[in-house]
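S.K.: So the sequence lines, in the order shown, correspond to chains A and B.
The numbers in our numbering rise by one with no breaks, and the one at position 84 of the first sequence is 84.
If you count the second sequence from 1, you need to add 1000 to reach our numbering.
What follows is a single structure, and I will ask about it in a moment.
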Amino acid sequence: MNNIKEGCMKPKLLNFESESTEIYPVEKFPSKTLEKAVEVFSSLPGVGKKTALRYVLHLLKEDAGTIENFSEVLQNLSNNIQHCKNCFNISDNPVCEVCSNPKREQEVICIVQDIRDVLAIESTMQYKGVYHVLGGLISPIDSVGPNDIKINELIHRLQTSRINEVIMALSTTMEGDTTNFYLFKKIKDFPVKITTLARGVAFGDELEYTDEITLARSITNRVPYENTLAR
Amino acid sequence: MYLKELSLFNFKNYSEAFFEFSEKANFFGGNNGIGKTNLLDAIYYTSFCKSFFNPIDSQNIQSEKDFFMLKGLYLKDGEESIVHCSIKRNQKKLFKLNKKTYERLAEHIGKFPLVMVSPADVLLILEGSETRRKFLDGIIAQSNKNYLDNLLNYNRALAQRNVLLKQMAASGRCDKESVFLWNEQLVKFGNPIYEARCEFIRDFIPIFRSYYSQISDINETVSLVYESMLLENNFTELLENAYSRDRAATHTTCGIHKDDMTFFINDFPVKKFASQGQQKTYLLSLRLAQAQYITEKLKMKPIILLDDIYDKLDDERLARLIAILVNDSFGQLFITDTHPQRIPQVFEKLQIPVKINILQASEV
């Protein structure tokens, strides 16, 4: 009996959270259009029904121009975004800004999982080469096999252009490791230098707070001190 | 290290209770259902951040209450530590040491080591190999930090490989290269696990044998045999040879996830041929050896919880057991029995002091 009563209390609890707008229980919408909009928003990652409703109600309060602008941006996203035909980075042109930049070293390729990794490495402003975006990692659990990511395209690049070095910059997870290993097997016979990101104690970290696996690895793979001096 | 005080609030059948314990032996008597085992479980909670019996935390809250709280005061080298555990329905488990909340509960495990001896131990003999692997893993992980990481990674790679085999069976295509890719990971993490298990068994057997002969006092040879496909084969070759079998079975048929232990008394398997008393003695010796192993590795004597100890054990074996437990190589002791005098009499005969608590309905 208690549980049933609690269930009935829910709409009132929701009411308490919002100040100005009447919030309906998410199961019962007064309008089909509203319901559809909530459904679309809640299909986004990390957005549940309640958050979706908040977004929709917020948009409803804005003037018509804002919503129009919003939908135009979304439309453009689907019409105008392309994937660079070299590196599969997201781009406005057939070849992305990095690949078409004459100042970048075209002979060095950094392999990353997705565009977020490109952004992360770009923001360091230390990397002068180009990228290759795989678009995922080998993981049968997520139904991703070697042919579902851009590995054959990478091999094609190695066959057709002059490449000196391939940097494998994938996450240090089980899947990242496996993908690294697969890539290595595929490209080891090409005349290229194959490198991977250094793994070790994070910059500014105190040793006593470093996790044991990282610290053990850093001790094993220690580097000559000269290498740590500014070049 | 010992537990000095424990407060319970809404834990299982305890609404509110406070206990003070002796540094050495503590006895709890009382009728069925009075809360003897629940008290031991509360102590277990403060060491392992979970119940020995029920893995669902919220089901340990007293019915119709919203939360339970446990507070244990430990004394370690003269310093007091307060372990605080509170569980609210539908909320994250909160575990504190000296008012500092743990980010990861795994950090707490091993700080106040404990060994539980319970009638449920018989499952180690009766159930499938997974129970015995868990017993192995639980002990090794306490003293080998890499072990648990290797095990988690191994299980992840195993899950990936099994899904791949199932996908191949469903789609009818054959992708040997991808399957072999996961072999590499299984070997990389599986081999250190295998080595750690071998080493553990080697160290463990002599300790175990010595306890068995001390409790039973008759000349029986006990042994414990580690069974692993890796004993005689190279893991990489095993996986390669099993490829077609794995494909047909749509899962990985060899590896350390198939390891097992067989228990023997006089070369006969305990599961089939041992009497209930022999089984009980065998299990007790396993647990005592576990406590001894932890003592050596962690340089700390674990707390020993003995639940319903009179179950299936004769008076002589019990007396010998208690004599072993109160000597200096074991830590604080908690014993329960339904009979209020039986156990205290054993202690009296041995002239060993014990703190006697008879639980009454009013305390609960």
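All C-beta atoms, glycine included, are put in the ideal place defined by N, C-alpha and C.
Given the structure is predicted, the values throughout are model-derived calculations rather than measurements.
Short check: CB of B:PHE1067 to CB of B:LYS1088, under 7 Å?
M.R.: Yes, these two residues count as a Cβ contact at 7 Å.
S.K.: Using a Cβ-Cβ cutoff of less than 8 Å, which residues in the same chain neighbour A:GLU97 once the five nearest sequence positions on both sides are dropped?
M.R.: The residues are SER91.
S.K.: In terms of alpha-carbon separation, which member of B:LYS1071, B:GLY1029, B:GLU1064 and B:GLN1214 lies closest to B:PHE1009?
M.R.: Nearest of B:LYS1071, B:GLY1029, B:GLU1064 and B:GLN1214 to B:PHE1009, Cα basis: B:LYS1071.
S.K.: Measure the Cβ-Cβ separation of B:THR1336 and B:LYS1004 and say whether it is below 7 Å.
M.R.: Going by C-beta atoms, B:THR1336 is not nearer than 7 Å to B:LYS1004.
S.K.: So the candidates are B:ASN1090, B:ILE1352 and B:SER1171; which of them puts its Cα closest to the Cα of B:ILE1324?
M.R.: Minimum Cα distance to B:ILE1324 is reached at B:ILE1352.
S.K.: Under a Cβ-count criterion, where at least 16 other Cβ atoms within 10 Å of its own Cβ denotes burial, should A:TYR225 be classed as buried or exposed?
M.R.: Counting Cβ neighbours within 10 Å, A:TYR225 comes out exposed, since fewer than 16 surround it.
S.K.: Taking Cβ positions only, does B:ALA1169 come closer than 7 Å to chain A?
M.R.: So, not an interface residue.
S.K.: Is B:TYR1211 near B:SER1329, with beta carbons less than 7 Å apart?
M.R.: Contact: no.
S.K.: Mind the definition here: the segment 1095–1105 of chain B touches the segment 1072–1084 of chain B only if three or more C-beta pairs lie below 8 Å; say whether that holds.
M.R.: Touching, yes, given that three or more Cβ pairs across the two stretches are closer than 8 Å.
S.K.: Secondary structure at B:ASN1219, three-state DSSP: helix, strand or coil?
M.R.: Coil.
S.K.: If we count the other Cβ atoms within 10 Å of its Cβ and call it buried at 16 or more, is A:GLU107 buried or exposed?
M.R.: Exposed, since its Cβ has fewer than 16 Cβ neighbours within 10 Å.
S.K.: Report all residues from its chain with a CB closer than 8 Å to the CB of A:THR66; omit the five preceding and five following residues, and keep chain order.
M.R.: Same-chain partners within the cutoff: LEU59.
S.K.: Tell me whether B:LEU1181 sits in a helix, a strand or coil according to DSSP, three-state version.
M.R.: Helix at B:LEU1181.
S.K.: Identify, in the order they occur along the chain, each residue of the same chain with its Cβ nearer than 8 Å to the Cβ of A:GLY200, setting aside the five sequence neighbours on each side.
M.R.: Once the five neighbours on either side are set aside, the close Cβ partners of A:GLY200 are THR214, ARG217, SER218 and ASN221.
S.K.: Work out the CA separation of B:GLU1107 and A:GLU22 for me, nearest whole Å.
M.R.: Residue placement at A:GLU22 cannot be trusted, given a pLDDT of 49 that sits under 50; the coordinates are not used to answer.
S.K.: Would you kindly work out how many angstroms separate the C-alpha atoms of A:VAL38 and A:LYS32, rounded to a whole number?
M.R.: Answer to the nearest angstrom: the Cα atoms are 10 Å apart.
S.K.: Is there a Cβ from chain A that is less than 7 Å from the Cβ of B:VAL1083?
M.R.: B:VAL1083 does not count as touching chain A.
S.K.: Ordered along the chain, which non-local residues of its own chain (more than five positions away) have a Cβ less than 8 Å from that of B:ASP1311?
M.R.: Cβ within range, chain order: PRO1119 and LYS1280.
S.K.: Could you have a look at B:TYR1014 and say whether DSSP puts it in helix, strand or coil?
M.R.: It is a strand residue.
S.K.: Give the range of the beta strand (DSSP E) segment to which B:LEU1333 is assigned.
M.R.: Residues 1333–1337.
S.K.: For B:SER1058, collect the residues of the same chain with a Cβ closer than 8 Å to its Cβ; drop the 5 residues on either side in sequence, then sort them by chain order.
M.R.: For B:SER1058, where only same-chain residues beyond five positions count, the Cβ hits under 8 Å are ILE1087, ARG1089 and ASN1090.
S.K.: Here's the rule I'm using: 16 or more other beta-carbon atoms within 10 Å means buried, otherwise exposed. How should B:CYS1174 be labelled?
M.R.: Classification for B:CYS1174: exposed.
S.K.: For A:PHE203, count the other beta carbons within 10 Å of its own beta carbon; 16 or more makes it buried, fewer makes it exposed. Which is it?
M.R.: Burial call: exposed.
S.K.: Would you mind telling me which residues of chain B sit closer than 7 Å to A:GLU212, beta carbon to beta carbon, in chain order?
M.R.: Ordered by position in chain B, the residues that pass the 7 Å Cβ test against A:GLU212 are LYS1145.
S.K.: Give the secondary structure of B:VAL1187 by DSSP, where H, G and I count as helix, E and B as strand, and everything else as coil.
M.R.: In this structure, B:VAL1187 counts as helix in the three-state DSSP scheme.
S.K.: Can you tell me the Cα-Cα spacing of B:ALA1196 and B:PHE1204, whole angstroms?
M.R.: When rounded, the distance between both Cα atoms is 12 Å.
S.K.: Counting Cβ pairs, one atom from each stretch, are 3 or more of them under 8 Å apart for the segment 1123–1131 of chain B and the segment 1015–1035 of chain B?
M.R.: Flag = no, the segment 1123–1131 of chain B and the segment 1015–1035 of chain B do not touch.
S.K.: Could you work out which residues of chain B lie near A:TYR209, taking near to mean beta carbons separated by less than 7 Å?
M.R.: Result: empty, since nearest Cβ-Cβ is about 12 Å, beyond 7 Å.
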